[in-house]
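Visitor: Residues in the first sequence are numbered consecutively from 818, following the numbering used here.
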Amino acid sequence: MPRAYDAASVEQRIYQTWWDAGYFVPRTDPDRQPFCVVMPPPNVTGELHLGHALTASLQDALARWHRMCGDPTLWLPGKDHAGIATQWVVERALAAEGTSRHDLGREKFEERVWEWVRLYGNTIDEQHRRLGASCDWSRLRFTLDPGPVHAVRTTFVNLFDKGLIYRHERIINWCPRCATALSDLEVEYEEQDGKLYHIRYPSADNPDDGVTVATTRPESMLGDTGVAVHPEDERYADKIGGMVTLPIAGRQIPVVGDTAIEMEFGTGALKVTPGHDIVDFEIGERHNLPILTVIGFDGCMTDAAGPRYSGMERFAARDAVVAELEAIGVLEGVEDYHHSVGHCQRCNEVVEPLISLQWFLNVGKHDQPGTIAGNAYGAVVNRDIEIVPDRFSRVYLNWLENIRDWCISRQLWWGHRIPVWYCAACGGHSAHVDDPAACSQCGSADIEQESDVLDTWFSSGLWPHSTLGWPDAQSADLEYFYPNSVLETGYDILFFWVARMIMLGIENTGDVPFRSVYLHGMVLDAQGQKMSKTRGNTLDPLDLLEQYGTDALRFALTTGTAPGNNLRLSDEKLESARNFANKIWNAARYVISVVETRAASGNDELGDWYHLPAPANREDRWIVSRLDGLTAAVNQALSAFELGEAQQKIYDFAWNDFCDWYIEMAKVRLRDAASADAGVAATTLVHVLERSLRLLHPFMPFVTEEIWQNLTARISATGVGLPASIMVSSYPVVDTPRSAPDAESDVEVVMQTVRAVRNMRAQLRIPAGQKLEAAIETNGMGAVVEEAKEVISVLARVEPLRVLDAGESEAMSGISLVVNPLVVRLPLEGVDLQAESDRLRRELDSRRQDETRKEQLLANPNFVSKARPEVVENERQRLRSLTEERQRIEDIIAQLDA
RNA sequence: GGGCGGUUAGCUCAGAUGGUUAGAGCGUCUGCUUUACACGCAGAAGGCCGGGGGUUCGAGUCCCUCACCGCCCA
């Protein structure tokens, strides 16, 4: 084994062996509760970024843990056609070639996208393999596969036939560049510097009087059909019910009173443009104002804007309108104004609210039981679905409380084409799962399918069941793996995706899609900035895993962070994780070298190293007790989705308890290779290492497998029945009562003793190579110290070390270290006795303070009567120990002063 | 305008159900080629847990309030 762990030389080889062995494919067992998680399907043309790496690391850790626990485990991978995103990418490619989708036509364009998918669609799968993702590639799904397509159509037709899907003309968010409708969620609001224009609309009966309105979008005034003021606004009391003249257009429009108007904002008068503003649309509905569309689907002014503006691009029209308003003297002022403007999530174009004929899903209201929204609301309120961390439950519920019908149609060519057919003969339309040959109402063959496609999230909303075979009720996978166990994803798509899956999952199957939702945070750069291509601060996970190793990348992404919290990724964090992989590697190299050396000299008996039911040696009892404590804590943390905590605990145990202390202590016993105790130590080393590897495997799959293979190849596993790979071995559980608090506290005293001597050596600047003479007063711990004599001697570099008999005391000439109950005497030459006395007095003072604090606490009758008994007992014991320690220091000072 | 999160060591972050002396990584300082590891070892310094108030025998943890930063929704 090389001195340093070389990730590059092992990862791809190991991954291949796992896949070849079929470990990723679940072995279903009707008697066992399965574990199932579906991968959030990445865009089919996408490339792996750190968000994918994070989500995959977490899902893989969960999947590997459950698989090792013996649960039939399915991690189902897939990809999303990502309608608007993919169409956008291909359209850009076409533009570069000097052509467009309109030149190609719908069919040729679709074929072109499929070509693109065939070319780049596998990239991200390969990248997931590099990450070590243990997903079942034999079940890989694509949202445009026949199964999911069938599920989408079935869902649509069911909802259509129930009357919940309807077509309606309504104001929606429109992206003029993508030329499609967007859902509310696909609009991103950005704060921008703009202008607030004050425009006077003269009164119809008195052109010298009028109402001044304030707007950030003066071009939209061409579509105004009213002015609204608050009914209680005294400034406008005489205007309500009257008419004003719309400048430029010259139309007369009414002034209405509406309580939605904020009197404090602007002039307190709002121009109402029902055709181009969602709030105005609602005001218009309340007052029966006509709707005028002055901006078209192409982002240019329509004929309704008047001959001078018709055909003019909307922002050019803004300038022209302002100029004209100024010219005719109604522009009363312009002020700088900071406001938020909606942009297309995909192409960043400024979104235009427009009246348009679209398809909607009626989701009902959250407080109407039995509606889609009502069921989705109830599932979380009733805890049928648990969201981790819990605070996102409220975010989810708040969103549902304000939900509106979902605009599901998109004017795109790439996606699930809406399965509705219009009949030219009878004018009717109907929805069908299978393409019909003729009108279902009049039988005419003159039918045509709706040209719109569905919102991408409509199909991903079916993901937990559409991937498992729904609507085929006979599907074994659906029967066995639905509901999924966990849905793991980022909080940024809680509404887009998680909420839709809950809505459509319950609608289609009558059951929740998953039991738990685990939400992770966003990966930020070292400065806490969101990573984005435009900022140029993205890190490529492929580069990182080559540089640091996949295990290090995974560990860095998932350790030291709590669920739902963002994390900053830095070189330091990656280095630290890589160092940890290397630390484990080297600890293993040592243990393996011990096994090999012993085997070479015929000492290859390791006994029942796998179970190690009842170690006898104190140090072994200590490390095994610590290991069991770790095992319990890790299992508990994993059950609570606290993966970061679990990993931190393994890290601490492996590095501190095992490497820094146990291995170093074991070396002392291993010096006499022929001794029985050396064999016992070797056995414990193997036991602890092997279990630690299994604990760590879900998080660092590659290095643990590589070590595990190296280790198990060199040891006899008679009677254990070791599997061929660590990934199908069993996850450690605390199954034997090996807890040894006495050994833990005894070894703690030994470690404190070593630390105290080392500390003093450093303070006195005694070179590491120089041995020190020492004597220890044992005060009741004679047996422990006697047995640990060699360990203390070697680790603290004291020699000779005398263990004093009970009652025996050392004549005082040097330094005394109190490690209660022990006193370590270092009879150094030339110690300044006054300085030593001062040092001890300082220590005494600090001890007395602690003691006084404890005494006061225990003297408080409220504490003694109200605190839990075990807490009080704890404090009493602590006080006894402090008192004892204080007395020992006092004794030494007395000797010194004598 | 409403809501959520954050504020803990120089930096980045952990700290279930309130309970010993608040932890880690990185960084800093002092030593060390101690045969698993310098991607390392040993030692050390560094914190009125954002401010204020409250509940409690006891608060980083629970409640109220204020401030600043970030995010979501409108």
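Where is the CB? At the ideal position from N, CA and C, for every residue including glycine.
So does the region 1037-1049 actually touch the region 1084-1094, counting three or more Cβ pairs closer than 8 Å?
Guide: Verdict: yes, contact present.
Visitor: Kindly indicate the opening and closing residues of the beta strand (DSSP E) around D1328.
Guide: Segment: none, D1328 is in no beta strand (DSSP E) and carries neither H nor E.
Visitor: How many angstroms separate the CA atom of R1135 from the CA atom of G1040?
Guide: Straight-line Cα distance between these residues: approximately 13 Å.
Visitor: Between D1445 and the rest of its own chain, which residues show a CB-CB distance below 7 Å, the 5 nearest in sequence each way excluded?
Guide: Contacts found: V1551, R1555 and S1556.
Visitor: Would you mind reading off the limits of the beta strand (DSSP E) that contains T890?
Guide: Here the beta strand (DSSP E) through T890 covers T890 to L893.
Visitor: Can you tell me whether Y840 is helix, strand or coil according to DSSP?
Guide: Y840: coil per DSSP, three-state reduction.
Visitor: For I1095, which residues in the same chain have their Cβ closer than 7 Å to its Cβ, ignoring the five residues on either side in sequence?
Guide: I988 and P1170, listed in sequence order.
Visitor: Taking V1250 as the reference, give the member of V1615, R970, Q1175 and C1256 with the closest Cα.
Guide: Measuring from the Cα of V1250, the nearest candidate turns out to be R970.
Visitor: Less than 8 Å between the C-beta atoms of A1404 and A1369, yes or no?
Guide: No, the Cβ-Cβ distance between A1404 and A1369 is not below 8 Å.
Visitor: Please report the residue range of the beta strand (DSSP E) in which T997 lies.
Guide: Run containing T997: T997 to L999, per the beta strand (DSSP E) assignment.
Visitor: For the region 1531-1597, list the alpha helix (DSSP H) runs that are entirely contained and at least 4 residues long, ordered along the chain.
Guide: List check, alpha helix (DSSP H) in window: 1558-1580.
Visitor: Leaving aside the five residues before and after L921 along the sequence, list all residues of the same chain whose C-beta is less than 8 Å from its C-beta, in chain order.
Guide: L911 and R929, listed in sequence order.
Visitor: Any idea what DSSP makes of W1287, helix, strand or coil?
Guide: In the structure shown, W1287 sits in coil (DSSP, three-state: anything other than H, G, I, E or B).
Visitor: For the region 1139-1151 and the region 1160-1168, state whether three or more C-beta atom pairs, one from each stretch, are separated by less than 8 Å.
Guide: No: the two stretches stay apart, fewer than three of their Cβ pairs being nearer than 8 Å.
Visitor: For G1113, I'd like the list of residues in its chain whose CB is within less than 6 Å of its CB, leaving aside the five on either flank, ordered along the chain.
Guide: For G1113, where only same-chain residues beyond five positions count, the Cβ hits under 6 Å are T1119.
Visitor: Could you give the uninterrupted runs of the beta strand (DSSP E) lying entirely in the region 874-952, keeping only those of 3 residues or more?
Guide: DSSP runs (the beta strand (DSSP E)) wholly in the region 874-952: 890-893.
Visitor: I'd like to confirm the pairing. Which residues does DSSP put opposite M1118 in its beta bridges?
Guide: Paired residues: I1112.
Visitor: Once the 5 residues before and after W1525 are set aside, which same chain residues still bring their CB inside 6 Å of it?
Guide: Once the five neighbours on either side are set aside, the close Cβ partners of W1525 are L1510 and I1543.
Visitor: For E1653, I'd like the list of residues in its chain whose CB is within less than 8 Å of its CB, leaving aside the five on either flank, ordered along the chain.
Guide: Around E1653: G1631, I1632, S1633 and L1713.
Visitor: Starting from Y1154, trace the beta strand (DSSP E) both ways and give me its first and last residue.
Guide: Counting along the chain, the beta strand (DSSP E) containing Y1154 begins and ends at L1148 to C1161.
Visitor: With a CB to CB cut of under 7 Å and the five nearest residues on each side skipped, what residues in its chain are close to T1700?
Guide: E1668.
Visitor: Going by DSSP in three states, F1082 sits in which element: helix, strand or coil?
Guide: If DSSP states are grouped into helix, strand and coil, F1082 belongs with coil.
Visitor: Mind checking which residues open and close the alpha helix (DSSP H) that includes Q1704?
Guide: Note, Q1704: alpha helix (DSSP H), P1686 to D1714.
Visitor: Pull up the DSSP beta-bridge partners for Q1009, would you.
Guide: Bridge partners of Q1009: H1156.
Visitor: For F973 and P1236, which I take to be in contact (beta-carbon distance under 8 Å), what is that distance rounded to the nearest angstrom?
Guide: F973 to P1236, Cβ: 6 Å. Contact.
Visitor: Please return the same chain residues whose Cβ sits closer than 8 Å to the Cβ of D1289, not counting the five positions on each side in sequence.
Guide: Answer for D1289: L1295, listed in chain order.
Visitor: Give the range of the alpha helix (DSSP H) segment to which Y1194 is assigned.
Guide: First-last of the alpha helix (DSSP H) with Y1194: I1189 to V1198.
Visitor: How far does the beta strand (DSSP E) with P1170 in it extend, from its first residue to its last?
Guide: It spans E1169 to L1178 - the beta strand (DSSP E) in which P1170 sits, taken as one unbroken run.
Visitor: Quick one: residues in its chain with C-beta nearer than 8 Å to the C-beta of S1349, no 5 flanking neighbours on either side, listed in chain order?
Guide: Same-chain partners within the cutoff: T1355.
Visitor: Quick test of your reading: A878 and F1516, contact by CB under 8 Å. State the CB separation rounded to the nearest angstrom.
Guide: Indeed they touch by this definition, with Cβ atoms about 5 Å apart.
Visitor: How would you label A1711, buried or exposed, when you count the other beta carbons within 10 angstroms and need 16 or more for buried?
Guide: With fewer than 16 Cβ atoms within 10 Å of its Cβ, A1711 is classed as exposed.
Visitor: If you follow the beta strand (DSSP E) that Q1185 is in, where does it begin and where does it stop?
Guide: No beta strand (DSSP E) holds Q1185; DSSP gives it neither H nor E.
Visitor: Going by DSSP, which residues form a beta bridge with Y1014?
Guide: Partner(s): T1032 and V1151.
Visitor: Cα separation between P847 and Y1297?
Guide: When rounded, the distance between both Cα atoms is 8 Å.
Visitor: So which of L1271, L936, W1274 and A1254 has the shortest CA-CA distance to E1265?
Guide: Residue A1254 is the option with its Cα nearest to E1265.
Visitor: Just reading off the beta strand (DSSP E) that V1138 is part of, what are its end residues?
Guide: Note, V1138: premise wrong, no beta strand (DSSP E); alpha helix (DSSP H) at R1131 to A1144.
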